[in-house]
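This report concerns only the one structure given below.
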Amino acid sequence: MSSQIVDRARSRSAAERLGDALTGVNAVAYCLVLPAILLRLAFTLVPALQTFWLSFTDKSLMAPGRFIGLANYAAMLSDKTLIGSFGFTLFYTVTSVALETALGLAIAMLLMRQLRARWISNFIMLLPWVMAPLLAATVWKIMFYEDGGILNQILRDLGVISSPIRWLSSANTARGSVVLVTVWKNVSWVALIFMAALAALPKDVYEAAEVDGANAWQRFRAITVPMLRPTIFLVLMFRGMGEVQTFEQIGGLTRGGPGTATQNLAYYAYQRFFQELRYGYGSAINVLLLLLTALIGGFFAWRMYKASSR
């Protein structure tokens with residue numbers, strides 16, 4: 258009997274199922290959320306289409322916006338500054354996401370052992386994540402000051418350094434500082450995601466492995482990591498998409514400097530669009546950034562689907 262019901266449900270066309278969904282209570286629900294959906298589309302889809310159209314024009318403060326086809330995209334191939342920004346974007350994204358994922362998982366596993374004080378640690382850990390990104394970057398910039406900055410003062414008092422470190426005025430240390438602030442800002446979110454996933458893992462599997470003589474590392478490698486694989490890909494997807502589009506940390510800490518050492522695609526697009534008022538070229542860079550974000554999201558979404566279907 259149950260198989261006949263299932264077969265009958267499968268045989269119904271998509272149009273029939275859609276018609277049922279749009280009748281009665283469902284129709285009222287859709288009507289209630291329709292204004293919010295339309296408003297959301299108006300503030301996302303319309304600007305996106307406008308940006309896409311501008312990328313095919315020479316629109317600027319001094320130009321009316323003639324259609325020039327793929328000229329802006331062709332100009333990217335010879336733009337050394339953009340190529341450098343693209344390289345830093347990849348370095349920044351890969352490094353930040355890798356550190357956030359590894360540290361987030363380690364923190365989550367550590368906090369899962371502290372059952373009594375977990376709510377206190379969760380509250381403290383969330384503070385960096387809920388802090389406004391630009392505010393957090395400004396606070397860290399003050400801490401990074403060469404003269405009077407608290408980091409150099411602590412290192413000098415401990416005898417680690419004899420002269421102040423140029424945290425934001427040297428290319429290598431500036432790149433590392435931007436990554437450090439980003440990891441500090443986002444690792445708590447990653448840890449919370451992993452804590453939720455770890456809490457859902459079956460305890461009997463670990464107990465059976467422990468009875469069989471598996472040590473902590475073997476249980477982590479053979480049980481925890483495989484069972485957390487969908488969550489790991491989820492974290493990689495969201496954090497990868499987020500770091501590719503990072504703007505506040507760059508703008509608040511270094512403004513792309515020294516020189517263009519920490520200039521990523523998002524900040525470069527901002528400079529071309531809002532500072533140089535080259536709307537067409539800035540829009541083309543934003544389209545490139547959108548494609549890169551979609552590529553990262555699509556790849557990890559596919560990997561997450563493959564991992565969860567095993």
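Sequential numbering of the sequence shown, starting at 258, is according to the working numbering. Every residue, glycine too, gets a C-beta built ideally from N, C-alpha and C.
Check your understanding: Among the residues of its own chain, which have a CB less than 6 Å from the CB of Tyr562, if the five just before and after it don't count?
Key -> Answer for Tyr562: no residue qualifies.
Practice item. Express the C-alpha separation of Asn429 and Ile418 in angstroms, rounding to a whole number. Key: Straight-line Cα distance between these residues: approximately 17 Å.
Review point. Just the Cα atoms here: how many angstroms apart are Ala363 and Ala448?
Key: Cα atoms of Ala363 and Ala448: separation of roughly 8 Å, rounded to the nearest angstrom.
Check your understanding: How many angstroms separate the CA atom of Trp446 from the CA atom of Ala365?
Key -> For Trp446 and Ala365, the distance between alpha carbons rounds to 10 Å.
Review point. Can you list, in chain order, the residues of its chain whose CB lies under 8 Å from that of Ile422, leaving out five sequence neighbours each side?
Key: So the qualifying residues of the chain are Glu403, Leu408, Asn409, Leu412 and Thr430.
Review point. Thinking just about the alpha-carbon of each residue, which of Thr338, Met494, Phe477 and Val396 is nearest to the one in Tyr524?
Key: Comparing Cα positions, the closest option is Thr338.
Point to revise | Backbone secondary structure at Thr314 - three-state DSSP | key: In the displayed model, Thr314 falls within a strand according to three-state DSSP.
Check your understanding: Is Ile325 near Phe309, with beta carbons less than 9 Å apart?
Key -> For the pair Ile325 and Phe309, the CB atoms are not nearer than the 9 Å cut-off.
**Study point:** Residues that Phe300 bridges to, as DSSP identifies them
**Key:** Residue pairing from DSSP leaves Phe300 without any beta-bridge partner.
Exercise for review: Kindly identify the DSSP beta-bridge partner or partners of Phe324.
Suggested key: Under DSSP, Phe324 forms a beta bridge with Thr314.
Point to revise | N- and C-terminal bounds of the alpha helix (DSSP H) containing Met369 | key: Segment: none, Met369 is in no alpha helix (DSSP H) and carries neither H nor E.
Check your understanding: Can you tell which of Leu391, Leu368 and Glu357 has its C-alpha closest to the C-alpha of Phe380?
Key -> Residue Leu368 holds the alpha-carbon nearest to the alpha-carbon of Phe380 among Leu391, Leu368 and Glu357.
Exercise for review: Identify which residue in Ser566, Ile542, Ile553 and Gly497 has its Cα closest to the Cα of Phe343.
Suggested key: The residue with the shortest Cα to Cα distance from Phe343 is Ile542.
Practice item. Measuring alpha carbon to alpha carbon, tell me which of Pro483, Ala355, Val436 and Gly509 ends up nearest Pro459. Key: Considering only Pro483, Ala355, Val436 and Gly509, the residue with the shortest C-alpha distance to Pro459 is Pro483.
Point to revise | Beta-carbon gap between Leu437 and Val501 smaller than 9 Å | key: Annotated as distal: Leu437 and Val501, with beta-carbon spacing of 9 Å or more.
Check your understanding: Tell me which same chain residues have a C-beta within less than 6 Å of the C-beta of Phe345, skipping the five on either side of it?
Key -> The residues are Asn521.
Practice item. Determine, using beta carbons only, whether Ala526 and Gly516 come nearer to each other than 9 Å. Key: When the beta-carbon positions are compared, Ala526 and Gly516 stay at least 9 Å from each other.
Check your understanding: For the stretch 500-536, which segments carrying the beta strand (DSSP E) assignment without a break, of at least 3 residues, lie completely within its bounds, in sequence order?
Key -> DSSP assignment within the stretch 500-536 yields no whole beta strand (DSSP E) run of 3 residues or more.
Check your understanding: Would the stretch 345-354 and the stretch 487-500 be scored as touching if the rule is three or more Cβ pairs under 8 Å?
Key -> The stretch 345-354 vs the stretch 487-500: in contact.
Review point. Using the C-alpha atoms, what's the distance from Arg529 back to Val263?
Key: Annotation note: pLDDT 46 at Val263 (below 50); position unreliable, no value reported.
Check your understanding: If you check the beta carbons only, do Gly537 and Asp315 fall under 9 Å apart?
Key -> In this structure, Asp315 lies closer than 9 Å to Gly537 by Cβ.
Review point. Can you tell which of Ser566, Ser427 and Tyr463 has its C-alpha closest to the C-alpha of Gly514?
Key: Ranking the options by Cα distance to Gly514, first place goes to Ser427.
Practice item. Taking Thr488 as the reference, give the member of Ser378, Ala453 and Phe504 with the closest Cα. Key: The residue with the shortest Cα to Cα distance from Thr488 is Ala453.
Exercise for review: Give the secondary structure of Val444 by DSSP, where H, G and I count as helix, E and B as strand, and everything else as coil.
Suggested key: In this structure, Val444 counts as helix in the three-state DSSP scheme.
Practice item. Within 10 angstroms of the Cβ of Glu467, are there 16 or more other Cβ atoms? Answer buried if so, exposed if not. Key: If you draw a 10 Å sphere on the C-beta of Glu467, you find fewer than 16 other C-beta atoms in it, and that means exposed.
**Study point:** Whole-angstrom C-beta distance between Val462 and Ile480, which should lie under 8 Å
**Key:** That pair is a contact at about 6 Å.
Review point. Hey, how far is the Cα of Val435 from the Cα of Leu289?
Key: Here the alpha carbons of Leu289 and Val435 stand approximately 44 Å from one another.
Review point. Grouping DSSP H, G and I as helix and E and B as strand, with all else coil, what is Trp208?
Key: Nothing can be reported for residue 208: it is not among the residues displayed for the chain, which extend from 258 to 567.
**Study point:** Own chain, CB closer than 6 Å to Ala266, minus 5 neighbours either side, in chain order
**Key:** For Ala266, the pLDDT reaches just 48, beneath the cut-off of 50, and the residue's location in the model is therefore unreliable, leaving the point undetermined.
Practice item. Please state whether DSSP places Ser540 in a helix, a strand or coil. Key: Looking at Ser540 - three-state DSSP - the assignment turns out to be helix.
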